[in-house]
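Protein chains in written order, with this note's numbering: chain B, 1 to 212; chain P, 213 to 414.
Ideal Cβ placement from N, Cα and C applies to all residues, glycine included.
Quick caveat: nothing in here was measured; it's all calculated off a predicted structure.
To start, the structure under review is shown below, and the notes come after it.
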């Protein structure tokens, strides 16, 4: 049994087995596969956590997966949050916020002009007082920004950067946070896509025979 | 001590989707070029990227930038087998059109045109949106990309079947998934850390 540190997380979450035909196809894009995994390591198991704690990283990831309504990926990050320093006390409050924040995207406004006819209104998520009390103002700002990035990225504006700076996020920490939410938006979709494709293929055992 | 945003006076913000070359203005301070260390250079991957505000902002976290860049390059430039470049660029452009990233669309619509020679069809995607009729094969790729970009993800068996019906094999379908999924990463960085501007007039 490999540890979580050496397991390919996309394979794990998409249920891709060694010897399966999807495993063979992923091997043809080896650099992409290895660097998707290295991206996970860089964001969640870096040598230096810098300005963003492990607890914050897992909390944001669990929120992003939760609002995507991807149970396996959300459970994966919630389990890691529960193991992180001071993380277990955040899990229940975070689950409440995930429930409050769920909606359908993308929506938002375009720069004023011909595209304005495509503007689409939707939930502007702000964390309520009780959640803010448990999760803290700094994490609350990160989750509100994560919601903006997930559901209405075209609404992004300098004011959103200012809100993070005001909550104590440095420029470098905002870069890390933005990469983390954006990477999750990729990882979740690769997992969903590969899982769907895998479900359409012959059983893993048959595929393994064909591939060998 | 608190960092501050960069205030841009951008009088040439594009307000439509275009295949023209655009510039990009950061809302946060890029890392100073003179201060780049070996760790940063490794993160940039291509040394020429040190001239870009976008990459010098992202290089503040070098390890994730390096892994992201290498993921990107393999998904789009590894043409050993699998989906033609034009179709991968179409998936990138359609995803960006749907999410609303004017900058990302400009780059990848241009690439889709270069590789497909179908400038007018690409422009219809930009002008009419992801519902434009681009012929069976491209319609299938656009629909799959849009379903993947939706939150919650709407990609299902019907998209796999439609991609197969227009001749894609499993490896090519994985290239569609990777290309479209990757732009959900790229769009969010480009849209949220700065803004596009008409090139040469910034």
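Check, Outcome
"Partner residues on chain B for residue 282(P), Cβ-Cβ distance less than 7 Å", "31, 35"
"As assigned by DSSP and simplified to three states, the class of residue 408(P)", "strand"
"Simplified DSSP assignment, three categories, for residue 81(B)", "helix"
"Nonlocal neighbours in the same chain, by C-beta distance under 8 Å from residue 217(B), ignoring five residues either side", "With chain B running from 1 to 212 in the structure shown, residue 217(B) is simply not present."
"Cutoff 7 Å: residue 400(P) Cβ touching any chain B Cβ", "yes"
"Beta-carbon contacts of residue 212(B) that lie in its chain and below 8 Å, excluding the five residues immediately before and after", "Reliability of the predicted coordinates at residue 212(B) is poor, the pLDDT of 45 falling under 50, and the value obtained from them is presented with this limitation in mind. Same-chain partners within the cutoff: 19."
"Interface flag, residue 138(B) vs chain P, CB-CB below 7 Å", "no"
"Cβ neighbours of residue 334(P) in the same chain (closer than 6 Å, five flanking residues each side left out)", "321, 324, 325"
"Residue 269(P): contacting residues in chain B (beta-carbon distance under 7 Å)", "175"
"Proximity test, Cβ basis, 7 Å: residue 227(P) and chain B", "yes"
"Min CB distance residue 17(B) to chain P below 7 Å", "no"
"7 Å Cβ cutoff met for residue 240(P) and residue 269(P)", "yes"
"Minimum Cβ-Cβ distance from residue 190(B) to chain P less than 7 Å", "yes"
"Start-end ranges of the beta strand (DSSP E) lying completely within the segment 72-151 of chain B, minimum 3 residues", "none"
"Residue-level contact to chain B via CB, residue 217(P), 7 Å cutoff", "yes"
"Chain P contact for residue 100(B) (CB, 7 Å cutoff)", "no"
"Separation of residue 402(P) from residue 311(P), as counted between CA atoms", "11 Å"
"Residue 10(B) versus residue 192(B): straight-line alpha-carbon distance, rounded", "10 Å"
"Opening and closing residue of the beta strand (DSSP E) in which residue 423(P) lies", "Any property of residue 423(P) remains undetermined from this structure, which presents chain P solely from 213 to 414."
"Within-7 Å CB hit, residue 386(P) to chain B", "yes"
"Pick from 125(B), 96(B), 114(B), 159(B) that is closest to residue 218(P), judged by C-alpha positions", "159(B)"
"Alpha-carbon spacing of residue 263(P) relative to residue 127(B), whole angstroms", "39 Å"
"Euclidean distance between Cα positions of residue 288(P) and residue 134(B)", "43 Å"
"Reduced DSSP secondary structure (H/G/I, E/B, other) of residue 363(P)", "strand"
"C-alpha distance - residue 75(B) paired with residue 7(B), whole-angstrom precision", "16 Å"
"Distance between residue 381(P) and residue 139(B) (C-alpha atoms, nearest Å)", "44 Å"
"Interface flag, residue 68(B) vs chain P, CB-CB below 7 Å", "yes"
"Three or more C-beta pairs below 8 Å linking the segment 283-300 of chain P and the segment 44-64 of chain B", "no"
"Rounded distance between the beta-carbons of residue 164(B) and residue 141(B), thought under 8 Å", "5 Å"
"Separation of residue 16(B) from residue 261(P), as counted between CA atoms", "35 Å"
"Three-way DSSP call (helix, strand, coil) for residue 288(P) in this model", "helix"
"For residue 343(P), the three-state DSSP class (helix, strand or coil)", "coil"
"Pair within 7 Å by beta-carbon distance, residue 172(B) and residue 51(B)", "yes"
"For residue 395(P) and residue 316(P), believed in contact at Cβ under 8 Å, the rounded distance", "7 Å"
"Residue-chain proximity (residue 241(P), chain B), Cβ-Cβ < 7 Å", "yes"
"Burial state of residue 377(P), where buried means 16 or more other Cβ atoms lie within 10 Å", "exposed"
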